[in-house]
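Heads up: the structure comes next, in structure tokens.
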Amino acid sequence: MIDFEEELAKFTPCLEIDEVEDAIYDKDLTDVGDIMKELLEDMTKSKQ
């Protein structure tokens with residue numbers, strides 16, 4: 006039978022995963038909220 010506590014104690018995350026996480030957090034990605042803000046700003050500017 007597998008001893009999950011023992012297996013978890015031996016676990017070390019893969020370095021590649023840490024590198025990917027850093028790369029994702031370092032990028033300034035545009036999300037839907039940013040796009041909506043920009044569209045609303047454009048709409049209010051065009052009405053004035």
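Residue numbers for the sequence shown follow our numbering, beginning at 6 and rising by one.
Note that the Cβ used here is the ideal one computed from N, Cα and C, for glycine as well.
A quick note: this is a predicted structure, and the numbers were derived from the prediction, not measured.
Rounded separation between residue i and residue j - CA only
i      : j      : result
Lys-42 : Lys-32 : 19 Å
Ala-28 : Thr-17 : 20 Å
Asp-36 : Leu-20 : 27 Å
Asp-23 : Ala-14 : 19 Å
Ile-40 : Val-25 : 25 Å
Under the three-state DSSP convention, the category residue i falls into
i      : result
Met-48 : helix
Met-41 : helix
Sequence ranges, alpha helix (DSSP H) only - wholly within the segment 11 to 39, length at least 4: 20 to 31
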